[in-house]
Amino acid sequence: MALAASLLGLSAPLGHAAPVHGIAMHGDPALPPDYKHFSYVNPDVKKGGRIAYGVVGTFDSLNPFILKSMRTTARGMWDPEFGNLVYESLMVRSRDEAFTMYGLLAESVEWDDDRSFIEFHINPKARWADGQPVTPEDVIFTFELMRDKGRAPFSIRLNTVEKLEKTGEHSVRFTFNDKGDREAPLLIAFSPILPKHAIDVEIFDRSSLALPLGSGPYKVKAVKPGERIVYERDPNYWGKDIPSKVGFDNYDEISVEYFLQDNSLFEAFKKGVIDVYQEGNPTKWARGYDFPAVQSGTVIKDAVKSKLPPVMFGFVFNTRRPVFQNAELRKALSLAFDFEWVNRTLFENAYTRTESFWQNSELSSLNVPIDAREREIIGEAEKRIDPGVLAGTYRLPVTDGSGRDRAVLRQAMDHFKKAGYSIQNGRMVGASGEPLAFEIMTQNADQEKLALAYQRFLAALGVRVSLRTVDDSQYQSRSQTFDYDVIMKAFLSSLSPGLEQLRRWGTDARDREGSENFAGVADPDLDRVMTAILSARSAEDFRSAVRLQDRMLLSGNYIVPLYHLSKQWIARNKHVGRPEMTPLWGFQLPAWWDERAQ
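Positions -17 to -1, 1 to 581 (mature numbering (1 follows the signal peptide of the UniProt record, and there is no 0)) are the ones given, in order, by the sequence shown.
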């Protein structure tokens, strides 16, 4: 692998901006330069004790950055839920702000108003677990290694970089090319950094259980492939006193236990083998927690109202299939889903209908008419957007819950007719007489239950739907190659949408196998809107651009939106303590602790 030319010596003097302690996607960081810790931690907690997490699946690698072990890497190495226990990034994200980064390996950073470059000043105290310092050479090595042998998104981070160079004993600068956008510096900031002196480049892209060397707060203590991995806190961890790490990494030992099925994991939790269990099933939350540990107070049930936009979960039409290229047909099929019947019959009315990709936030287009900024972006393509969506009055129909609400079915039929379909001899047929039929691919019993309900609703309109439930490996293979008619997918939402939107809805991702463009969208106008999101300088321009994307996706009817929970549910053993404050992003397990150590 070729090294950057700048490693032969320091680069020539460069123009500099004033160093700052944090950077935000829009506006300024909420915390001042002299902040002591994040608001959602307990800074006085005593470290000690242990915790056991549980997951469903298996693992055969300790390298989370390569394609071969993308879905079979041990949890905890680089993990948004349990914490980045072994590897660290130059900066760390505050979970109480939409998209703001504060210093970690880098103690300060510089950039200009145009974000044409970003320069990181590495903390001189930063060390790998073997005591060697973290250097600019490590940063350059990591990004070049990821480019050559890593998996997406790490492998594409240098696509926006024109020059990567060492600018001082502890400094490294990324200068962006014309592909750079305003999000690029922040993506660079939270990319993992690896030790140059401890990695064999030749075998990096092979799955491996070799114990890794990182700069993070934990080391791997024990590995039982496919069953368990145990981490032990490094007493010499270099960053334990820096503000962004105060109140985190509170256990002496963390174990992650693997189970073949969720039922087995839940039983282990009930017996005290696992210390926390995140619940997503409303029926089980209401009825399944009557076991002795709950009754005695040994297990505590917590619920907090989510402050983030909900996950967009739904049936996705594959518009690569000719039948689903008809937008009126997609609209008709969407209207046929009876949420009220499903919510009452299957889920005890626990769910809320999802009607926006950024629902419950200021980024949503619900209740908000199109503004001047949006009109300037969209131009003549405004005519393609549903009038109700433009006015902010759009809502999915509320049925009588019967599964055959005649008023709603008539609405659906109106759109079937616009699409050129009619019912003949009990079958929905197209203009040339071909019956309307398609297959829904599912991956588990819960998805199959929803698909069966949808099948029933559509049967009332003469639409024939078949179901196919496949194992995980086949599901992954077929979804990555877009080999399906309709699939069920969940799209995570955030208050700072960015580059991931291009992967989900961008024209360039439509025919790229392995992309997240499951609907097969290829719309130049939508591409233009997503570019406006990435280039927005002000919070107002950003908000308008995201609302406009929301309108276009809703009008496109690429997804039959299903539902979401208004709260996060988690059960924990009573010896697991947590801060009183829950941040914007919800529960933060890395800030919890063992009460027995207090």
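Yeah, the Cβ is synthetic: ideal placement off N, Cα and C, and Gly gets one too.
Note on the stretch 214 to 268: whole alpha helix (DSSP H) runs with a minimum of 4 residues are 245 to 253, in chain order. Secondary structure of Asp131 (DSSP, three-state): helix. Counting along the chain, Tyr272 sits inside no alpha helix (DSSP H), nor does DSSP assign it H or E at all. Two segments are said to touch when three or more pairs of C-beta atoms, one from each, lie closer than 8 Å; by this definition the stretch 540 to 552 touches the stretch 291 to 300.
Judged by beta-carbon spacing, Ile360 lies beyond the 7 Å limit of Leu478, meaning their Cβ atoms are not closer than that value.
Contact check between the stretch 451 to 465 and the stretch 44 to 53: fewer than three CB pairs, one atom from each, fall below 8 Å, which does not count as touching. In the structure shown, Pro418 falls within a strand segment according to DSSP collapsed to helix, strand and coil.
Per DSSP, Met53 is not a residue of any beta strand (DSSP E), being assigned neither H nor E. Taking a contact to require three or more Cβ pairs closer than 8 Å, the stretch 165 to 173 and the stretch 199 to 209 do not qualify as touching.
For the 7 Å CB-CB criterion, Ile237 and Ile34 form a contact. Of all C-beta pairs linking the stretch 436 to 445 to the stretch 318 to 338, three or more are shorter than 8 Å, placing the two stretches in contact. Residue nearest to Gly445 within the set Gly409, Asn309, Val256 and Phe42 is Gly409 (criterion: CA-CA distance). For Asn233 and Asn246, the gap between their C-alpha atoms comes out near 29 Å. In the three-state DSSP reduction, Gly362 falls in the helix class (H, G or I). Taken atom to atom, the span from the alpha-carbon of Arg98 to that of Asp161 is near 11 Å. Here the alpha carbon of Leu433 sits roughly 9 Å from the alpha carbon of Leu329. Between the stretch 567 to 575 and the stretch 20 to 35, the count of Cβ pairs shorter than 8 Å is three or higher; the stretches touch. The criterion of a C-beta distance shorter than 7 Å is not satisfied by Thr143 and Phe124. Bounds of the alpha helix (DSSP H) holding Asn326 are Phe322 to Phe330. Straight-line spacing of the CA atoms in Val213 and Val206 works out to 6 Å.
Put simply, the stretch 558 to 572 does not touch the stretch 207 to 226. Fewer than three CB pairs are less than 8 Å apart.
Runs of the alpha helix (DSSP H) lying entirely within the stretch 366 to 406 and spanning at least 4 residues, in chain order: 370 to 374 and 389 to 401. DSSP places Val306 within a helical segment (H, G or I) once states are collapsed to three. For Val3 and Arg336, the gap between their C-alpha atoms comes out near 42 Å.
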